[in-house]
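Participant: Supplied in C-alpha coordinates, the structure appears directly below.
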Amino acid sequence: MGSLVKQRVLRTIILLVLGVYFILPLIAMAEFSTRGKNDTRSLESWTSIVDDEGLMEALVNSLLLSVTSAVLMLVLLVPTMAWIRLRLPQLQRLVEFLCLLPLAIPAIVLVVGMAPLYAWVNYFFGDSALTLTFAYTILVLPFAYRAIDAGLAAIDLKTLAEAARSLGASWFTVLWKVVVPNIRVALIGAALLSVALVLGEFTIASLLNFDTLQVQVNLLGKRNAGVSIAVSLLCLIFAFVLLFALSYVGQRRRQTVAEEEILQGSN
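Count the sequence shown with the UniProt record's numbering and you get residues 1 to 267, in order.
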(Lines of atoms letter the chains of each structure in order from A; the text may use other names.)
(Lines give C-alpha, C1' and ligand atoms only; values in the text may rest on other atoms or scores of the structure.)
Protein backbone atom coordinates (compact mmCIF):
# COMPACT_ATOMS: atom_id res chain seq x y z
CA MET A 1 0.00 0.00 0.00
CA GLY A 2 2.83 2.37 0.87
CA SER A 3 4.65 1.65 -2.39
CA LEU A 4 1.44 2.35 -4.34
CA VAL A 5 1.10 5.75 -2.68
CA LYS A 6 4.74 6.53 -3.44
CA GLN A 7 4.21 5.62 -7.10
CA ARG A 8 1.18 7.92 -7.31
CA VAL A 9 3.07 10.79 -5.67
CA LEU A 10 6.05 10.26 -7.98
CA ARG A 11 3.76 10.13 -11.01
CA THR A 12 2.04 13.35 -9.92
CA ILE A 13 5.36 15.12 -9.42
CA ILE A 14 6.62 14.03 -12.84
CA LEU A 15 3.40 15.19 -14.51
CA LEU A 16 3.58 18.55 -12.74
CA VAL A 17 7.22 19.07 -13.75
CA LEU A 18 6.46 18.17 -17.37
CA GLY A 19 3.36 20.38 -17.31
CA VAL A 20 5.35 23.37 -16.08
CA TYR A 21 8.08 22.61 -18.62
CA PHE A 22 5.61 22.73 -21.51
CA ILE A 23 3.24 25.44 -20.25
CA LEU A 24 5.79 28.08 -19.18
CA PRO A 25 7.07 28.71 -22.75
CA LEU A 26 3.47 29.08 -23.95
CA ILE A 27 2.75 31.59 -21.19
CA ALA A 28 5.93 33.49 -22.11
CA MET A 29 4.87 33.57 -25.76
CA ALA A 30 1.41 34.86 -24.84
CA GLU A 31 2.96 37.51 -22.58
CA PHE A 32 5.38 38.69 -25.26
CA SER A 33 2.73 38.82 -28.00
CA THR A 34 0.47 41.05 -25.87
CA ARG A 35 3.11 43.62 -24.94
CA GLY A 36 2.17 47.18 -25.83
CA LYS A 37 3.87 50.53 -25.51
CA ASN A 38 4.88 51.86 -22.10
CA ASP A 39 4.46 48.49 -20.34
CA THR A 40 0.79 48.20 -21.34
CA ARG A 41 -1.12 45.24 -22.71
CA SER A 42 -2.30 45.25 -26.30
CA LEU A 43 -3.86 42.79 -28.75
CA GLU A 44 -2.38 44.60 -31.73
CA SER A 45 -0.17 41.65 -32.66
CA TRP A 46 -3.17 39.32 -32.65
CA THR A 47 -5.43 41.60 -34.67
CA SER A 48 -2.62 42.11 -37.18
CA ILE A 49 -2.80 38.41 -38.04
CA VAL A 50 -6.15 38.86 -39.80
CA ASP A 51 -5.10 42.14 -41.42
CA ASP A 52 -1.94 40.67 -42.97
CA GLU A 53 -2.98 39.52 -46.47
CA GLY A 54 0.29 37.71 -47.11
CA LEU A 55 -0.03 35.75 -43.89
CA MET A 56 -3.64 34.78 -44.57
CA GLU A 57 -2.74 33.64 -48.10
CA ALA A 58 0.11 31.55 -46.71
CA LEU A 59 -2.22 30.07 -44.09
CA VAL A 60 -4.73 29.07 -46.77
CA ASN A 61 -1.91 27.51 -48.81
CA SER A 62 -0.72 25.47 -45.82
CA LEU A 63 -4.24 24.30 -44.94
CA LEU A 64 -4.89 23.23 -48.54
CA LEU A 65 -1.51 21.49 -48.67
CA SER A 66 -2.22 19.62 -45.44
CA VAL A 67 -5.53 18.33 -46.84
CA THR A 68 -4.25 17.41 -50.31
CA SER A 69 -1.12 15.73 -48.90
CA ALA A 70 -3.15 13.68 -46.41
CA VAL A 71 -5.64 12.60 -49.10
CA LEU A 72 -2.93 11.67 -51.61
CA MET A 73 -1.02 9.78 -48.92
CA LEU A 74 -4.11 7.73 -47.98
CA VAL A 75 -4.97 7.03 -51.63
CA LEU A 76 -1.45 5.73 -52.24
CA LEU A 77 -0.77 3.83 -49.02
CA VAL A 78 -4.04 2.14 -48.05
CA PRO A 79 -4.65 0.12 -51.27
CA THR A 80 -0.94 -0.64 -51.65
CA MET A 81 -0.44 -1.87 -48.09
CA ALA A 82 -3.66 -3.89 -48.09
CA TRP A 83 -2.82 -5.54 -51.42
CA ILE A 84 0.72 -6.40 -50.32
CA ARG A 85 -0.54 -7.99 -47.09
CA LEU A 86 -3.05 -10.06 -49.04
CA ARG A 87 -1.19 -10.98 -52.22
CA LEU A 88 2.50 -10.08 -52.01
CA PRO A 89 3.65 -10.42 -48.38
CA GLN A 90 7.22 -11.02 -49.56
CA LEU A 91 7.38 -7.37 -50.67
CA GLN A 92 6.30 -5.99 -47.31
CA ARG A 93 9.87 -5.36 -46.10
CA LEU A 94 10.79 -3.60 -49.34
CA VAL A 95 7.75 -1.29 -49.19
CA GLU A 96 8.46 -0.57 -45.52
CA PHE A 97 12.05 0.36 -46.37
CA LEU A 98 10.96 2.68 -49.19
CA CYS A 99 8.32 4.38 -47.04
CA LEU A 100 10.70 4.92 -44.11
CA LEU A 101 13.56 6.12 -46.31
CA PRO A 102 12.56 9.85 -46.24
CA LEU A 103 12.97 9.75 -42.46
CA ALA A 104 16.69 9.03 -42.86
CA ILE A 105 17.32 11.72 -45.48
CA PRO A 106 17.73 15.34 -44.30
CA ALA A 107 15.24 17.81 -45.74
CA ILE A 108 18.04 19.84 -47.34
CA VAL A 109 19.17 16.75 -49.26
CA LEU A 110 15.60 16.08 -50.39
CA VAL A 111 15.40 19.64 -51.72
CA VAL A 112 18.61 19.19 -53.72
CA GLY A 113 17.07 16.15 -55.40
CA MET A 114 13.64 17.71 -55.85
CA ALA A 115 14.76 21.07 -57.27
CA PRO A 116 15.38 19.80 -60.85
CA LEU A 117 12.11 17.84 -60.76
CA TYR A 118 10.16 20.87 -59.59
CA ALA A 119 11.43 22.83 -62.57
CA TRP A 120 9.34 20.44 -64.70
CA VAL A 121 6.48 20.31 -62.18
CA ASN A 122 6.18 24.10 -62.27
CA TYR A 123 6.34 24.01 -66.07
CA PHE A 124 3.40 21.60 -66.37
CA PHE A 125 1.31 22.56 -63.31
CA GLY A 126 2.27 26.20 -62.76
CA ASP A 127 4.04 27.73 -59.78
CA SER A 128 1.18 27.26 -57.30
CA ALA A 129 2.17 26.30 -53.76
CA LEU A 130 -0.17 23.30 -54.08
CA THR A 131 2.48 21.57 -56.19
CA LEU A 132 4.28 20.98 -52.88
CA THR A 133 1.69 18.24 -52.34
CA PHE A 134 3.98 15.79 -54.15
CA ALA A 135 6.97 16.62 -51.94
CA TYR A 136 4.96 16.65 -48.73
CA THR A 137 3.35 13.31 -49.52
CA ILE A 138 6.82 11.78 -49.66
CA LEU A 139 7.75 13.58 -46.45
CA VAL A 140 4.80 12.18 -44.45
CA LEU A 141 5.16 8.59 -45.69
CA PRO A 142 7.26 7.28 -42.74
CA PHE A 143 4.80 8.51 -40.10
CA ALA A 144 1.68 7.56 -42.03
CA TYR A 145 3.06 4.11 -42.88
CA ARG A 146 3.62 3.23 -39.22
CA ALA A 147 0.12 4.35 -38.23
CA ILE A 148 -1.63 2.45 -41.04
CA ASP A 149 0.58 -0.63 -40.60
CA ALA A 150 -0.41 -0.82 -36.93
CA GLY A 151 -4.08 -0.62 -37.92
CA LEU A 152 -3.78 -3.39 -40.51
CA ALA A 153 -1.82 -5.60 -38.10
CA ALA A 154 -4.64 -5.31 -35.54
CA ILE A 155 -7.25 -6.93 -37.81
CA ASP A 156 -7.52 -10.29 -39.56
CA LEU A 157 -7.33 -8.74 -43.01
CA LYS A 158 -7.06 -11.98 -44.96
CA THR A 159 -10.15 -13.55 -43.38
CA LEU A 160 -12.22 -10.38 -43.80
CA ALA A 161 -11.19 -10.00 -47.44
CA GLU A 162 -11.84 -13.65 -48.29
CA ALA A 163 -15.26 -13.53 -46.61
CA ALA A 164 -16.23 -10.42 -48.55
CA ARG A 165 -14.96 -11.86 -51.83
CA SER A 166 -16.86 -15.11 -51.27
CA LEU A 167 -20.04 -13.02 -51.01
CA GLY A 168 -19.35 -11.45 -54.40
CA ALA A 169 -17.75 -8.17 -53.33
CA SER A 170 -15.33 -6.51 -55.73
CA TRP A 171 -11.84 -5.52 -54.62
CA PHE A 172 -12.92 -1.88 -54.44
CA THR A 173 -15.87 -2.86 -52.23
CA VAL A 174 -13.58 -4.91 -50.00
CA LEU A 175 -11.25 -1.96 -49.63
CA TRP A 176 -13.94 0.70 -49.11
CA LYS A 177 -16.51 -1.17 -47.01
CA VAL A 178 -14.40 -3.76 -45.19
CA VAL A 179 -10.80 -2.56 -44.81
CA VAL A 180 -11.32 1.19 -44.33
CA PRO A 181 -14.01 0.95 -41.58
CA ASN A 182 -11.87 -1.50 -39.60
CA ILE A 183 -8.77 0.73 -39.66
CA ARG A 184 -10.63 4.04 -39.37
CA VAL A 185 -8.74 5.09 -36.23
CA ALA A 186 -5.38 4.34 -37.86
CA LEU A 187 -6.37 6.37 -40.92
CA ILE A 188 -7.42 9.31 -38.75
CA GLY A 189 -4.14 9.09 -36.87
CA ALA A 190 -2.13 9.01 -40.11
CA ALA A 191 -4.08 11.99 -41.47
CA LEU A 192 -3.62 14.05 -38.29
CA LEU A 193 0.11 13.32 -38.23
CA SER A 194 0.33 14.38 -41.87
CA VAL A 195 -1.55 17.62 -41.22
CA ALA A 196 0.66 18.50 -38.25
CA LEU A 197 3.84 17.77 -40.22
CA VAL A 198 2.78 19.79 -43.27
CA LEU A 199 1.70 22.79 -41.20
CA GLY A 200 5.09 22.84 -39.45
CA GLU A 201 7.33 22.24 -42.49
CA PHE A 202 9.68 25.09 -43.41
CA THR A 203 12.86 23.90 -45.14
CA ILE A 204 11.43 22.49 -48.38
CA ALA A 205 8.95 25.33 -48.91
CA SER A 206 11.57 27.98 -48.22
CA LEU A 207 14.30 26.55 -50.45
CA LEU A 208 11.86 25.88 -53.29
CA ASN A 209 10.55 29.47 -52.96
CA PHE A 210 6.94 28.71 -52.06
CA ASP A 211 4.81 30.81 -49.73
CA THR A 212 3.54 28.74 -46.80
CA LEU A 213 2.66 29.49 -43.19
CA GLN A 214 6.09 28.76 -41.70
CA VAL A 215 7.84 30.77 -44.41
CA GLN A 216 5.63 33.75 -43.61
CA VAL A 217 6.21 33.31 -39.86
CA ASN A 218 9.95 33.43 -40.51
CA LEU A 219 9.59 36.62 -42.56
CA LEU A 220 7.32 38.16 -39.92
CA GLY A 221 9.90 37.48 -37.24
CA LYS A 222 12.30 39.79 -39.07
CA ARG A 223 9.93 42.77 -39.16
CA ASN A 224 7.36 42.19 -36.39
CA ALA A 225 8.34 39.77 -33.63
CA GLY A 226 5.02 40.14 -31.79
CA VAL A 227 2.92 38.95 -34.72
CA SER A 228 5.39 36.14 -35.42
CA ILE A 229 5.16 34.91 -31.82
CA ALA A 230 1.34 35.14 -31.88
CA VAL A 231 1.15 33.03 -35.04
CA SER A 232 3.62 30.50 -33.62
CA LEU A 233 1.52 30.22 -30.46
CA LEU A 234 -1.60 29.57 -32.54
CA CYS A 235 0.26 26.86 -34.46
CA LEU A 236 1.36 25.19 -31.23
CA ILE A 237 -2.17 25.30 -29.81
CA PHE A 238 -3.52 23.79 -33.02
CA ALA A 239 -0.90 21.02 -32.87
CA PHE A 240 -1.88 20.26 -29.26
CA VAL A 241 -5.54 20.09 -30.29
CA LEU A 242 -4.65 17.60 -33.03
CA LEU A 243 -2.69 15.45 -30.57
CA PHE A 244 -5.53 15.47 -28.04
CA ALA A 245 -7.99 14.58 -30.81
CA LEU A 246 -5.77 11.69 -31.86
CA SER A 247 -5.49 10.51 -28.26
CA TYR A 248 -9.26 10.77 -27.77
CA VAL A 249 -10.03 8.81 -30.93
CA GLY A 250 -7.56 6.09 -29.95
CA GLN A 251 -9.04 5.85 -26.45
CA ARG A 252 -12.59 5.58 -27.82
CA ARG A 253 -11.44 2.83 -30.16
CA ARG A 254 -9.84 0.86 -27.32
CA GLN A 255 -13.01 1.20 -25.23
CA THR A 256 -15.12 -0.04 -28.14
CA VAL A 257 -12.85 -3.05 -28.67
CA ALA A 258 -12.94 -3.86 -24.94
CA GLU A 259 -16.75 -3.66 -24.89
CA GLU A 260 -16.99 -5.94 -27.93
CA GLU A 261 -14.69 -8.49 -26.27
CA ILE A 262 -16.81 -8.40 -23.10
CA LEU A 263 -20.00 -8.95 -25.13
CA GLN A 264 -18.42 -11.83 -27.04
CA GLY A 265 -17.24 -13.38 -23.78
CA SER A 266 -20.71 -13.13 -22.23
CA ASN A 267 -22.24 -14.83 -25.26
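Beta carbons are placed, not taken as given, at the ideal position from N, Cα and C, and that holds for glycine. Bear in mind the structure is a predicted one, so any value in this text is a computation, not a measurement.
1) Whose C-beta lies closer than 8 Å to the C-beta of F238 among residues of the same chain, with five residues either side of it excluded?
2) Less than 8 Å between the CB atoms is what I'm expecting for A161 and V178, so what's the real figure, rounded?
3) In terms of residues, what are the limits of the alpha helix (DSSP H) holding D51?
4) For the ligand NAD, is there any heavy atom lying closer than 7 Å to the beta carbon of S42?
5) Would you mind reading off the limits of the alpha helix (DSSP H) that contains D149?
6) Kindly list the residues whose CB is nearer than 6 Å to the CB of Q92, restricted to its own chain and excluding five residues on each side of it in sequence; keep chain order.
7) Tell me which same chain residues have a C-beta within less than 6 Å of the C-beta of F143, skipping the five on either side of it?
8) Would you check if there are 3 or more beta carbon pairs closer than 8 Å linking the stretch 27-34 to the stretch 225-237?
9) With contact counted as at least three CB pairs below 8 Å, one residue from each stretch, are the stretch 58-66 and the stretch 196-215 in contact?
10) Need the endpoints of the alpha helix (DSSP H) that S166 sits in, please.
11) Evaluate D127 with the Cβ neighbour count: other Cβ atoms within 10 Å of its Cβ, from every protein chain shown; 16 or more gives buried, anything less gives exposed.
12) Relative to the alpha-carbon of L208, which residue among F244, T159 and T131 has its alpha-carbon at the smallest distance?
13) Using 8 Å for Cβ pairs, my map puts I204 next to A135. What's the rounded Cβ distance?
14) Please go through the same chain and pick out, in chain order, the residues whose beta-carbon is closer than 6 Å to the beta-carbon of R41, but skip the five residues on each side of it.
15) Report all residues from its chain with a CB closer than 6 Å to the CB of L191; omit the five preceding and five following residues, and keep chain order.
16) Residue 350 and L86: beta carbons closer than 8 Å?
Facilitator: Here's the rundown:
1) L199
2) 7 Å
3) E44 to D51
4) As presented, the structure is devoid of all ligands, the ligand NAD included, so that no description of it is given.
5) L132 to A153
6) I84
7) L193
8) yes
9) yes
10) L157 to S166
11) exposed
12) T131
13) 6 Å
14) If we look at R41 and ignore the five residues flanking it on each side, its Cβ neighbours are T34.
15) A small correction: the amino acid at residue 191 is Ala; Leu does not occupy that position in the sequence shown. Hits under 6 Å: A70.
16) The chain is shown only over 1 to 267; residue 350 falls outside these bounds and no answer can be derived.
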